[in-house]
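Residue numbers (the working numbering), protein chains in the order written: chain V, 2 to 203; chain R, 2 to 203.
Glycine included, each C-beta is placed from N, C-alpha and C at the ideal position.
Take a look at the structure set out below.
Number of protein chains: 2
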Amino acid sequence: MPKDRAPTRIQKKNRKAILDSALDIFSARGFRGATVDDIASAAGLSKPNLLYYFPTKESIYLTLLEGQLDTWLDPLRALESDGDPLDQILAYVRRKLEMSQAYPRESRLFAHEIMQGAPRITDILSTDLRQLVDEKAALIQGWMEAGRLAPVHPHHLIFSIWSLTQHYADFDVQIRAVLPGEDPFAAAPDFVETLYRRLLTP
Amino acid sequence: MPKDRAPTRIQKKNRKAILDSALDIFSARGFRGATVDDIASAAGLSKPNLLYYFPTKESIYLTLLEGQLDTWLDPLRALESDGDPLDQILAYVRRKLEMSQAYPRESRLFAHEIMQGAPRITDILSTDLRQLVDEKAALIQGWMEAGRLAPVHPHHLIFSIWSLTQHYADFDVQIRAVLPGEDPFAAAPDFVETLYRRLLTP
DNA sequence: CGTCGCTTTGACCATTTGGTCAAACCAATT
DNA sequence: AATTGGTTTGACCAAATGGTCAAAGCGACG
Chain V
2 MPKDRAPTRI QKKNRKAILD SALDIFSARG FRGATVDDIA SAAGLSKPNL LYYFPTKESI
62 YLTLLEGQLD TWLDPLRALE SDGDPLDQIL AYVRRKLEMS QAYPRESRLF AHEIMQGAPR
122 ITDILSTDLR QLVDEKAALI QGWMEAGRLA PVHPHHLIFS IWSLTQHYAD FDVQIRAVLP
182 GEDPFAAAPD FVETLYRRLL TP
Chain R
2 MPKDRAPTRI QKKNRKAILD SALDIFSARG FRGATVDDIA SAAGLSKPNL LYYFPTKESI
62 YLTLLEGQLD TWLDPLRALE SDGDPLDQIL AYVRRKLEMS QAYPRESRLF AHEIMQGAPR
122 ITDILSTDLR QLVDEKAALI QGWMEAGRLA PVHPHHLIFS IWSLTQHYAD FDVQIRAVLP
182 GEDPFAAAPD FVETLYRRLL TP
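This is the structure:
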């Protein structure tokens, strides 16, 4: 593995290729279902060569998880107290749905990890994520108490947004198998907007 | 493996124990994350002994998937054209949520399988499940056209029910990490009922 | 109580898989 | 062109894992 210097051109290229291939494979098969060999050949490298850039399979996986976590939570962070509450929520839902469409691999990566019991990120979930959610739930609660949104349990509201939007990424195969021809994401934005509009309009 | 006769008392007991332990482990770790040894010792058997009852790891997994699929779809099948449409939908949602609470392992088993691309059940999804969903979607569509339910895309309505209810089982860890103390399933029934009531009341 | 057929197991095997290592290979700088 | 340091690989290893098998154990029934 290279020294502690500025990464060379080759290092940048290969680390990026590895992480991209690894995301493909981890997101499709979970941590244990992915093999180092598969990731390596998907990245166009030999296994020892891959292990020259990342010391272990786990280190690749952790790099991905940690590297994407912030991005993944950005939409929720952007939920602000300014402006119309319903618009804020709808914008959040829309961002979340766009992320599921644009980054389904990331969605599945987290889904796998959480369904395994989230062994590598429980502490983050119960500290950072929990704090963020509590904060935004309080904001929503405030809107509801002010009569600016119809009242519902704010935490469960957030869960429902997660589940609904990520479902389109995580269960893509099922949706496509069931939906007659049409692109799952075609009608989804309208549907979720309608749903949250009717749920939350005071 | 035993001949083609009526199963003995011991066979019944052991097959049941194996399937139960296997459900524990497959649902927690997915197919590749589960080892035959783990399942065997969880069932209180040696590995060769387990393989005396099921020829392969895959056969255990398939037995579970197929054995639970019908049960898993029963709530949707029970959606009938009789009675008040909203009550029918709300009853479906309630049944589905109860199943997530009572059978989280089964929910996760299917979730894992589908997230892997559903290699073993794609055909069932695109035939049986699709037909069932189409049928019920048509029923819902009819209710909406008759003005007895507020109009939304019926397929996506069904997806939303799946995602919302199964989320409580599949992402249990995350929900518990985020929810301040309370039991996730305590407020869930009220929340989902409110959601679908507001969404669908004409 | 002996036999027959179901049940259980220790020992074993082949394959897969994560990871190591020394040697070869390049690329750029002097 | 020689040197230096990053890059690549073939060969190899140990552990894990799915599965086999012959032999031993056991239960019920005549």
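Under the Cβ criterion (8 Å, minimum of three pairs), the region 94-104 of chain R counts as touching the region 167-174 of chain R. The three-state secondary structure of Ser-42 (chain R), taken from DSSP, is helix. Under a criterion of Cβ atoms nearer than 9 Å, the residues of chain V adjacent to Asp-171 (chain R) are, in order, Ala-112, Ile-115, Met-116, Ser-164, Asp-171. Chain-ordered, the chain V residues with CB closer than 7 Å to the CB of Thr-195 (chain R) read Val-153. Inclusion of Gly-118 (chain V) and Gln-117 (chain R) in the CB contact set at 9 Å is not warranted, their separation being larger than that value.
Around Gly-31 (chain V), the beta-carbon contacts reaching into chain R at under 9 Å are Arg-30, Gly-31, Arg-33, Gly-34, His-113, Met-116, Gln-117. By alpha-carbon distance to Leu-74 (chain V), the top candidate from V:Ser-47, V:Val-37, V:Asp-129, V:Leu-87 is V:Asp-129.
Excluding sequence positions up to five before and after Lys-48 (chain V), its CB lies within less than 6 Å of the CB of Val-37, Asp-38, Ala-41, all in the same chain and listed in chain order. DSSP, read as helix, strand or coil, puts Glu-59 (chain V) in helix.
At the C-beta level, Tyr-62 (chain R) and Phe-27 (chain R) come within 9 Å of one another. The Cβ atoms of Ile-90 (chain V) and Ile-141 (chain V) lie closer than 9 Å to each other. The C-alpha of Arg-177 (chain V) lies about 8 Å from the C-alpha of Asp-184 (chain V). Among the CB atoms of chain V, one or more fall inside 9 Å of the CB of Ile-176 (chain R). Taking C-beta atoms as the reference points, Leu-46 (chain V) and Ile-11 (chain V) fail to come closer than 9 Å. Counting other Cβ atoms within 10 Å of its Cβ, Pro-76 (chain V) reaches 16 or more and is therefore classed as buried.
Any Cβ of chain R closer than 9 Å to the Cβ of Asp-38 (chain V) would place that residue at the interface, and such an atom is absent. Around the beta carbon of Lys-137 (chain V), a 10 Å sphere encloses 16 or more other beta carbons of the protein chains shown; the residue is thus reported as buried.
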